[in-house]
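J.: The opening position of the sequence shown corresponds to residue 177 in this note's numbering, with each subsequent residue numbered one higher.
A virtual CB, placed ideally from N, CA and C, is assigned to each residue, including glycine.
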Amino acid sequence: MAELVCGFLMPHDPLISAITMAAPSAKRDACLGAFEEIAGRIRAANVDTVIVIGDDHATVNGPSCMPTAMIAIGDVVGPKESWLGMPRARVENNEPLARHILDAGIKGGVDWSVSRTLLADHSIMIPVHYAVRPVDGVRTIPVYINSGMEPVIPSRRAYDIGRLIGDAVSTWKGNERVAIYGTGGISHWPGTPQMGRINESWDRMVMALVENGDVDALLALSDEDIMRDGGNGGLEIKNFLCAMGAMRDVRGETIAYESVPEWVSGLGFMELKRVH
Numbered sequence: 177m178a179e180l181v182c183g184f185l186m187p188h189d190p191l192i193s194a195i196t197m198a199a200p201s202a203k204r205d206a207c208l209g210a211f212e213e214i215a216g217r218i219r220a221a222n223v224d225t226v227i228v229i230g231d232d233h234a235t236v237n238g239p240s241c242m243p244t245a246m247i248a249i250g251d252v253v254g255p256k257e258s259w260l261g262m263p264r265a266r267v268e269n270n271e272p273l274a275r276h277i278l279d280a281g282i283k284g285g286v287d288w289s290v291s292r293t294l295l296a297d298h299s300i301m302i303p304v305h306y307a308v309r310p311v312d313g314v315r316t317i318p319v320y321i322n323s324g325m326e327p328v329i330p331s332r333r334a335y336d337i338g339r340l341i342g343d344a345v346s347t348w349k350g351n352e353r354v355a356i357y358g359t360g361g362i363s364h365w366p367g368t369p370q371m372g373r374i375n376e377s378w379d380r381m382v383m384a385l386v387e388n389g390d391v392d393a394l395l396a397l398s399d400e401d402i403m404r405d406g407g408n409g410g411l412e413i414k415n416f417l418c419a420m421g422a423m424r425d426v427r428g429e430t431i432a433y434e435s436v437p438e439w440v441s442g443l444g445f446m447e448l449k450r451v452h
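1) Which ranges would you report for the beta strand (DSSP E) in the stretch 219-277 if only whole runs of at least 3 residues count?
2) Spatial neighbours of ASP251 within its chain, please: CB distance less than 6 Å, with the 5 preceding and 5 following residues excluded, ordered by chain position.
3) Could you tell me which whole beta strand (DSSP E) segments of length 3 or greater appear in the stretch 277-324?
4) Can at least three beta-carbon pairs, one atom from the stretch 342-357 and one from the stretch 245-264, be found at a separation below 8 Å?
5) So ILE218 and VAL311 are in contact, right, with Cβ under 8 Å, and what is the actual spacing, rounded?
6) Determine the closest residue to CYS182 out of GLY216, THR196, ARG204 and SER193, with distance taken between C-alpha atoms.
7) Would you please state the rounded distance, in angstroms, between the beta carbons of CYS418 and ILE300? I believe it to be under 8 Å.
8) Per DSSP, what are the beta-bridge partners of ILE356 in this structure?
9) Tell me the rounded alpha-carbon separation between VAL229 and ASN415.
10) Judging by CA-CA distance, which residue of VAL426, ASP205, MET420 and LEU411 is the nearest neighbour of ASP232?
11) Near ALA234, what residues of its chain come up, given a Cβ to Cβ distance below 7 Å and the 5 sequence neighbours on each side ignored?
12) By how many angstroms is the C-alpha of VAL451 removed from the C-alpha of GLY428?
13) Of the residues ASP189, GLU434 and ARG309, which one's Cα is nearest the Cα of ASP205?
14) Out of GLY409, ARG380, SER377 and ASP425, point me to the one whose CA is closest to THR359's CA.
15) For the alpha helix (DSSP H) containing GLY428, list its first residue and its last residue.
16) How many angstroms separate the CA atom of LEU191 from the CA atom of GLU400?
17) Leaving out five residues on either side along the sequence, give the residues of the same chain with a beta carbon under 7 Å from the beta carbon of HIS298.
Next up, the structure:
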């Protein structure tokens, strides 16, 4: 049977690739080094498939119709954004496992939207570019949850969808070794007058809760509280919760944290390690 062997949290900040050199060298090197560390860890774990949890920034589907949860089960190409600083290219999907996650999720109560031909945005492509492609032969299953546009997915629902994803992997007949990436955040205020603000103390509070495996405390953060302290971009901690749900009982190990105003975000990198 397939196995979900590891999980990671990381940013998907598009400015990392779009204006890489804008960040101070020490912060830039720390962030790029953290991506390299994650790639090295999935290589060491013999991972062959990564499920990437992102959120649509009105780029893939646009504001006219924003799915609460969407999975890509067919052809994937990216990035959609021409300014991202990377060439558009095919992303190898694990279509059989993606379809199994789709089917298992529907049976478990997930009202999936389905993408059979996905032109992925930066929320998928930044993690793929920096923490999947460096490892030869690793496939990617993109999953989008709506943590970016109101009305956003409830945090509990994001976590529960993650649990169903984890269950689906464990019942798959293949022998895949799977990793899951929860991406985004941490504090940032994109597209608002406060864009560029970073709340490092809030970021470190969120990371401390992950380190302690305190899912209840993370779920207790209201959307209003998150937006006040972590910005509208802070709502992407719901992507973290989805990955934590898939991994079940976990504690986080911090790999790196940097506050990078030049990239308008607080950037956290963590591994999710099972308690049992």
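T.: On the basis of the data shown:
1) 225-230, 245-254 and 265-267
2) For this step, residue 251 is matched to residue 75 along the sequence shown. Only THR293 meet the Cβ criterion.
3) 289-295 and 315-321
4) no
5) The count along the sequence shown starts at 1 and reaches residue 218 at position 42. The count along the sequence shown starts at 1 and reaches residue 311 at position 135. Correct: roughly 6 Å between the Cβ atoms.
6) Your numbering for residue 182 matches position 6 in the sequence shown. The shortest Cα separation from CYS182 among GLY216, THR196, ARG204 and SER193 belongs to GLY216.
7) Reading the sequence shown from its first residue, position 242 is the one you call residue 418. Reading the sequence shown from its first residue, position 124 is the one you call residue 300. Not confirmed; about 14 Å, so no contact.
8) As a position in the sequence shown, residue 356 is number 180, starting the count at 1. Beta-bridge pairing links ILE356 to GLY183 and ILE227.
9) Here residue 229 is taken as the residue at index 53 of the sequence shown, counted from 1. Here residue 415 is taken as the residue at index 239 of the sequence shown, counted from 1. The residue asked about is misnamed: residue 229 is Ile in this sequence, not Val. Distance between the alpha carbons of ILE229 and ASN415: 6 Å.
10) Start at 1 with the first residue of the sequence shown, and residue 232 comes out as number 56. Comparing Cα-Cα distances from ASP232 to each of VAL426, ASP205, MET420 and LEU411, the minimum goes to LEU411.
11) As a first step, residue 234 must be located in the sequence shown, where it is residue number 58. Taken in chain order, the residues that qualify are MET325.
12) In the sequence shown, residue 428 corresponds to position 252, counting from 1. In the sequence shown, residue 451 corresponds to position 275, counting from 1. One C-alpha to the other measures close to 10 Å.
13) For the purposes of this step, residue 205 is taken as residue 29 along the sequence shown, with counting starting at 1. When each option's Cα is compared against that of ASP205, the closest is GLU434.
14) Stepping through the sequence shown from its first residue, residue 359 is reached at position 183. Out of GLY409, ARG380, SER377 and ASP425, GLY409 has the C-alpha closest to the C-alpha of THR359.
15) Against the sequence shown, residue 428 aligns to sequence position 252. First-last for GLY428: 426-436, but that is the beta strand (DSSP E), not the alpha helix (DSSP H).
16) Within the sequence shown, the letter at position 15 stands for residue 191. Within the sequence shown, the letter at position 224 stands for residue 400. Whole-angstrom Cα-Cα distance: 26 Å.
17) In the sequence shown, counting from the first residue as 1, residue 298 sits at position 122. Closer than 7 Å at Cβ, skipping near neighbours: HIS188, PRO190, PRO255, GLU257 and LEU260.
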